[in-house]
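Okay, so the sequence shown: first residue is 61 according to the numbering used here, each after it adds one.
Beneath this line is the structure, given in structure tokens, with notes to follow.
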Amino acid sequence: MDPSDRPSPPVSEKGRPARAEKLRRAGIGIAAGLVLACVAVVAMLLVDANILRKPIAAYVGHKLDRSFAINGDLRIRLFGHPRIEANDVVLGNFTGGSRPVMGKVARAVVGIRLLPLLRARVVLPFVELSAPDVLLERDADGRANWNFADTKAPPDGSAMHAPIIESLWIKDGRLAFRDPPSDTDVVLQFDSDRPAGDAEGTLRFTGTGSLRSEEFHLSGHAASLLDLTQAGKPYRLEIAASAGATRASFDGTLVPLELESIDGKLELSGKDLSSLYPLIPVVLPWTPAYRVAGHFTRDGAKYSLAALQGKVGSSDVHGKVALDVSSERPMLVADITSTRLDQKDLAGFLGLPPPAKGKRRTPDQAHAAQELAATGKVLSSQPLRLERLRAMDADVHFKGEHMLAPDIALDSVEARLKLKHGKLTLTPLDFGVAGGHVSSTIELDASHDVIQTRGDATVSNLELKVLLPKLKDDPGSAGKLGGRIKFATKGNSPAQMAASGNGEIALIVSSGKARALALVLTNLDLANAIRYLLRGDPNGPIYCAVTHASMHDGKLVPDILVVDTSVEKITGEGNVDLAQEDYNLRLVAHSKHASLLALRGPIRIGGTFKNPKVHPEVAPLALRVGAAVALGTVLTPFASLLALVDTGGAKGADCSALIGQARQDVADSPVAPPKTAAPARSPQAPADAGHSDRPTR
Numbered sequence: 061m062d063p064s065d066r067p068s069p070p071v072s073e074k075g076r077p078a079r080a081e082k083l084r085r086a087g088i089g090i091a092a093g094l095v096l097a098c099v100a101v102v103a104m105l106l107v108d109a110n111i112l113r114k115p116i117a118a119y120v121g122h123k124l125d126r127s128f129a130i131n132g133d134l135r136i137r138l139f140g141h142p143r144i145e146a147n148d149v150v151l152g153n154f155t156g157g158s159r160p161v162m163g164k165v166a167r168a169v170v171g172i173r174l175l176p177l178l179r180a181r182v183v184l185p186f187v188e189l190s191a192p193d194v195l196l197e198r199d200a201d202g203r204a205n206w207n208f209a210d211t212k213a214p215p216d217g218s219a220m221h222a223p224i225i226e227s228l229w230i231k232d233g234r235l236a237f238r239d240p241p242s243d244t245d246v247v248l249q250f251d252s253d254r255p256a257g258d259a260e261g262t263l264r265f266t267g268t269g270s271l272r273s274e275e276f277h278l279s280g281h282a283a284s285l286l287d288l289t290q291a292g293k294p295y296r297l298e299i300a301a302s303a304g305a306t307r308a309s310f311d312g313t314l315v316p317l318e319l320e321s322i323d324g325k326l327e328l329s330g331k332d333l334s335s336l337y338p339l340i341p342v343v344l345p346w347t348p349a350y351r352v353a354g355h356f357t358r359d360g361a362k363y364s365l366a367a368l369q370g371k372v373g374s375s376d377v378h379g380k381v382a383l384d385v386s387s388e389r390p391m392l393v394a395d396i397t398s399t400r401l402d403q404k405d406l407a408g409f410l411g412l413p414p415p416a417k418g419k420r421r422t423p424d425q426a427h428a429a430q431e432l433a434a435t436g437k438v439l440s441s442q443p444l445r446l447e448r449l450r451a452m453d454a455d456v457h458f459k460g461e462h463m464l465a466p467d468i469a470l471d472s473v474e475a476r477l478k479l480k481h482g483k484l485t486l487t488p489l490d491f492g493v494a495g496g497h498v499s500s501t502i503e504l505d506a507s508h509d510v511i512q513t514r515g516d517a518t519v520s521n522l523e524l525k526v527l528l529p530k531l532k533d534d535p536g537s538a539g540k541l542g543g544r545i546k547f548a549t550k551g552n553s554p555a556q557m558a559a560s561g562n563g564e565i566a567l568i569v570s571s572g573k574a575r576a577l578a579l580v581l582t583n584l585d586l587a588n589a590i591r592y593l594l595r596g597d598p599n600g601p602i603y604c605a606v607t608h609a610s611m612h613d614g615k616l617v618p619d620i621l622v623v624d625t626s627v628e629k630i631t632g633e634g635n636v637d638l639a640q641e642d643y644n645l646r647l648v649a650h651s652k653h654a655s656l657l658a659l660r661g662p663i664r665i666g667g668t669f670k671n672p673k674v675h676p677e678v679a680p681l682a683l684r685v686g687a688a689v690a691l692g693t694v695l696t697p698f699a700s701l702l703a704l705v706d707t708g709g710a711k712g713a714d715c716s717a718l719i720g721q722a723r724q725d726v727a728d729s730p731v732a733p734p735k736t737a738a739p740a741r742s743p744q745a746p747a748d749a750g751h752s753d754r755p756t757r
């Protein structure tokens with residue numbers, strides 16, 4: 061047999077080829093090595109996990125672009141109940157911060173479930189923090205230290221879900237907030253009010269510091285801390301805070317972290333609503349002390365206060381307010397009603413400090429009141445803050461249903477205010493006055509360095525005996541007042557506006573009745589006055605009263621000033637100076653009936669807006685009395701009466717012509733705005749007033 065044809069003998073296990081044996085041995089060696097490596101890593105972690113401190117710190121620091129360190133022990137337990145414990149953890153602050161450290165924790169213990177990690181889920185059965193200390197701050201440029209370099213989710217959506225925390229416990233926590241732009245420096249102390257491991261534990265906190273240079277206090281409590289970790293779930297919060305005289309409380313819910321949704325009851329009280337600016341970016345005039353409440357909500361960039369009710373001074377307020385801050389300038393929309401409006405509470409709209417009413421004013425209100433008192437003036441020289449008028453837009457409807465105005469016969473007020481790009485319009489601005497109506501439109505352009513203002517008002521059916529309290533006891537009507545006022549001004553304060561005003565005024569009183577005694581006393585008609593005092597004072601008919609006046613650079617000069625009655629005709633001349641705030645008017649009465657003992661002295665109306673004075677003109681009166689004395693000396697005592705006899709005979713006025721002329725003049729006369737504003741009035745402060753650093757309004 062050929063040797064090549066012989067069958068090969070079977071290969072035994074020991075006779076495998078050398079190559080296959082080598083591969084097998086290599087596989088076993090690799091597997092054993094991996095097992096030994098895992099055991100070694102686990103052993104090292106169990107013995108000392110501190111070897112991971114530097115890699116962890118480097119990774120976190122790189123992601124946040126901040127310094128990060130675990131200075132104390134790092135302990136990891138992987139079996140039983142896996143947990144990580146880190147001691148003395150420190151996160152650095154941003155460049156230019158008020159201190160090097162943004163946050164630190166004395167001890168943090170975090171439990172972790174391992175299986176959910178395979179599904180990219182982080183479940184933490186408990187988190188315990190001891191003595192956390194966090195600083196949140198913004199620098200002068202508005203940069204916030206809580207904005208980190210790399211905290212956005214990857215665009216491919218590969219980021220892990222937010223951790224699920226089942227129990228959170230905090231001991232001796234501290235949170236500081238500093239914001240130089242708003243002059244805020246506040247420190248909060250907070251603690252869990254239940255032991256560690258209690259999933260229902262809530263948080264109680266207190267805080268002190270300063271807010272806009274005023275002492276600040278805060279206290280409250282929050283619902284389960286676990287709600288903070290559940291995205292989109294409202295978080296219960298009850299809080300009360302005060303800064304100086306301003307107090308606020310909130311009881312409701314908010315969505316944590318982004319705070320895009322807030323819903324609850326808000327209460328505010330304080331000395332002046334305008335002092336809330338710029339914390340609340342709403343331009344308001346000075347107000348008296350206030351207390352308001354309503355249902356507050358936030359939806360993204362839109363805030364609203366519905367079911368608003370409360371008091372501002374002696375006036376009640378009701379309605380709703382909405383604020384949209386999504387644009388460059390906030391937009392305010394409001395609908396406010398006052399069922400009982402005290403006109404003194406509106407002083408702030410005229411740049412005047414509201415009345416104190418037994419309460420202390422704010423420092424800037426008190427300072428303005430002191431300056432105004434020192435000048436002896438009525439109109440305020442406090443400039444309006446143009447930057448505030450330009451900082452927002454607004455559409456506000458206001459209605460005062462019943463007015464408390466003992467010095468002015470106001471019944472009601474209604475206004476629609478619109479503000480856009482620094483241009484304010486009041487269309488309409490209507491008042492119910494003395495049973496009649498004043499309808500007006502005001503346009504105020506604050507988009508330039510000097511405010512330009514235009515106005516047009518129509519007066520209809522004002523009852524004179526209501527307007528003039530001394531006539532209120534007369535039966536019947538004392539006449540109806542109507543007319544029109546047009547004006548244009550330049551100036552940044554009420555005083556400047558009045559002092560530079562141009563305009564036209566026509567006021568007309570239709571037929572009515574007034575006490576004859578008041579009319580004859582205008583002529584110092586002593587005999588007829590005695591007769592009316594003895595026999596009673598019947599009502600004398602008023603045929604008409606007509607005034608047309610022109611205003612140039614703040615000086616009001618009557619072109620027509622006539623009052624025609626059954627007893628006498630009164631004419632007037634002179635001026636009213638709005639810049640100096642004084643009267644210089646002369647009234648002359650011409651009797652229609654003969655009278656004995658009539659001194660016929662013209663009446664002077666002088667003095668200031670604050671202290672007007674009415675008195676007879678001295679020279680003609682002295683001449684009349686002197687003539688009577690001379691006749692009595694030369695002839696007989698009875699002859700002296702001849703100098704006091706008034707033969708009467710004054711002709712009545714052509715009321716129709718006067719009324720027509722006044723109406724035509726004010727309608728046809730264009731009102732040109734002044735070329736320049738009147739100079740600002742320098743307040744004459746008393747010697748002990750010193751200098752004030754308070755900003756003007």
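Cβ atoms here follow ideal geometry from the backbone N, Cα and C, with glycine treated the same way.
N-terminal and C-terminal residue of the beta strand (DSSP E) that residue i is part of
i    : result
S716 : Per DSSP, S716 belongs to no beta strand (DSSP E); it is in the alpha helix (DSSP H), 715-728.
L392 : 391-398
L484 : 483-493
E145 : 143-152
V512 : The residue you asked about is not Val; residue 512 is Gln in the sequence shown. Note, Q512: beta strand (DSSP E), 512-523.
K673 : 672-676
Rounded distance between the beta-carbons of residue j and residue i, thought under 8 angstroms
i    : j    : result
G267 : T306 : About 15 angstroms; that fails the 8 angstroms criterion.
I663 : I568 : No, I663 and I568 are not in contact; Cβ-Cβ is about 21 angstroms, not under 8 angstroms.
V493 : D471 : 6 angstroms
V381 : P341 : About 13 angstroms separates the two Cβ atoms, so there is no contact after all.
A740 : S507 : At roughly 20 angstroms, the Cβ-Cβ gap does not stay under 8 angstroms, so A740 and S507 are not in contact.
L328 : Y337 : At roughly 13 angstroms, the Cβ-Cβ gap does not stay under 8 angstroms, so L328 and Y337 are not in contact.
S520 : G542 : 5 angstroms
L479 : S553 : Actually they are not in contact, since the Cβ atoms of L479 and S553 sit about 18 angstroms apart, beyond 8 angstroms.
D245 : G269 : 5 angstroms
P240 : D193 : At roughly 21 angstroms, the Cβ-Cβ gap does not stay under 8 angstroms, so P240 and D193 are not in contact.
Proximity of residue i and residue j at Cβ, strictly below 9 angstroms
i    : j    : result
Y603 : T631 : no
A558 : L439 : yes
S651 : E628 : yes
V170 : P176 : no
A146 : R135 : yes
G460 : T501 : no
A605 : V623 : yes
F250 : R234 : yes
R476 : D516 : no
R173 : L189 : no
S127 : G152 : yes
D395 : A465 : no
Y363 : L339 : no
K540 : E523 : yes
D311 : Q425 : no
L489 : E474 : yes
S302 : F276 : yes
L365 : H378 : no
For residue i, the first and last residue of its enclosing alpha helix (DSSP H)
i    : result
K114 : 113-124
D424 : 423-435
M162 : Where M162 is concerned, there is no enclosing alpha helix (DSSP H), although the beta strand (DSSP E) it sits in stretches over 161-171.
Q556 : 554-559
L446 : 446-450
Given residue i as reference, the closest of the options once Cα atoms are compared
i    : options                : result
V726 : T668, L235, F547, L401 : F547
A166 : P160, V150, L444, R181 : V150
L638 : N110, A555, S252       : A555
G614 : L228, V636, I620       : V636
L392 : S227, V526, L449       : L449
A416 : V187, A349, S321, L479 : A349
V161 : L195, D232, D148       : L195
A282 : G304, S273, E388, T313 : T313
C715 : R646, A732, F276, T607 : T607
Neighbour flag for residue i against chain D, beta carbons, 9 angstroms
i    : result
G171 : In the structure shown, chain D does not exist; there is a single protein chain.
For the stretch 371-385 against the stretch 425-436, are there 3 or more C-beta pairs whose distance is under 8 angstroms?
Put simply, the stretch 371-385 does not touch the stretch 425-436. Fewer than three CB pairs are less than 8 angstroms apart.
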